[in-house]
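Mapping of the sequence shown onto our numbering: position 197 corresponds to residue 699, and the numbering continues sequentially without gaps.
Think of the CB as a built atom: it goes at the ideal place given N, C-alpha and C, for glycine as much as any other residue.
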Amino acid sequence: MVAKACPQLHSLDIQHSMVESMAVVSFLEEAGPRMQKLWLTYSSQTTAILGALLGSCCPQLQVLEVLRLLNLMWLPKPSGRVVTPGPGFPGLEELCLASSTCNFVSNEVLGRLLHGSPNLRLLDLRGCARITPAGLRDLPCQELEQLHLGLYGMSDRLTLVKEGSALLTQKWCHTLRELDLSGQGFSEKDLDHALAAFSGIPGGSRPALCSLNLRGTRVTPSTVSSVISSCPGLLYLNLESCRCLPRGLKRAYRGPEEVQWCLEQLLTSLPSLS
């Protein structure tokens with residue numbers, strides 16, 4: 503009834519609602535072709551909705567946000583036969599699957615959602631510990647501007663990926679404006695390799711990076727000073743709980759003045775660079 507009564511409706515927000523999932527599926531089957539924005543809260547009943555989305559009922563979707571993902575697998579069970587992937591979401595620009603707890607969003611899930619989304623600009627995967635750099639590298643989007651991979655409150659750091667972060671920066675260093683790697687387990691050498699990509703952008707153009715969150719990582723003073731020097735537009739830098747940095751510099755820096763102050767302090771702490 504809603505689909506017919508509201509022919510101009512192109513956005514639907516049912517976060518924190520008690521709407522039956524099958525009612526939403528019926529709505530999407532009828533109104534899906536015109537839907538552009540969809541906000542959901544994930545629960546066990548959301549599986550049917552996500553299944554409908556994977557079935558390409560919303561080809562014009564530009565924004566998809568699924569909040570509060572739980573430790574639930576929502577991939578359809580294997581049917582034993584090869585399933586040809588649909589066209590996906592060619593117009594999708596924003597995807598948020600953020601969660602405050604570890605969840606089962608995997609490379610496979612992400613690939614099925616985004617295999618047809620070359621225009622993606624924002625990807626928020628905070629809390630999605632199973633996503634790897636290799637999985638992100640294979641996505642079709644070439645001009646990602648915001649990438650959020652922060653892991654908050656992860657107790658088992660032994661299971662985190664230790665290498666591969668350069669796969670992300672080498673692919674998107676020319677377009678990234680915001681990058682969040684907080685809590686990730688990449689090694690000092692791996693982070694150095696990754697952030698060095700911002701100093702070698704083809705064509706000599708300046709990096710677009712203006713926000714960098716390295717909270718709780720193993721980034722080193724030389725790596726931080728290098729990325730600040732390479733990114734003159736950097737306005738936010740979070741170095742809280744970075745174990746390899748001098749104690750007085752482990753904080754968040756906001757604004758160009760604070761970021762430059764951080765650079766000056768780092769340079770004075772590195773005799774080889776002073």
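| query | result |
| --- | --- |
| If I measure Cβ to Cβ from Ala487 and keep anything under 6 Å in the same chain, skipping five residues before and after, which residues do I get? | The chain is shown only over 503 to 776; residue 487 falls outside these bounds and no answer can be derived. |
| Quick one: what does DSSP say Cys598 is sitting in, helix, strand or coil? | strand |
| Let me confirm a value: Ser732 is counted as buried when at least 16 other C-beta atoms fall within 10 Å, else exposed. Which label applies? | buried |
| Rounded to a whole number of angstroms, what is the C-alpha to C-alpha distance between Ala600 and Gln517? | 14 Å |
| Could you tell me which residues DSSP pairs with Lys539 in its beta bridges? | Ser513, Val565 |
| What residues are listed by DSSP as bridge partners for Asp626? | Cys598, His650 |
| Buried or exposed: Leu736, going by 16 or more other Cβ atoms within 10 Å of its Cβ? | buried |
| Taking Leu563 as the reference, which of Glu610, Ala525, Leu511, Glu522 has the closest Cα? | Leu511 |
| Evaluate contact between the segment 688-705 and the segment 716-732, counting only Cβ atoms and requiring at least three cross-stretch pairs below 8 Å. | yes |
| So, is Thr725 buried or exposed, given that buried needs 16 or more other C-beta atoms within 10 angstroms? | buried |
| State buried or exposed for Asp515, treating a residue as buried only when at least 16 other CB atoms are found within 10 Å of its CB. | exposed |
| For Glu680 and Cys712, what's the separation of their Cα atoms in angstroms? | 6 Å |
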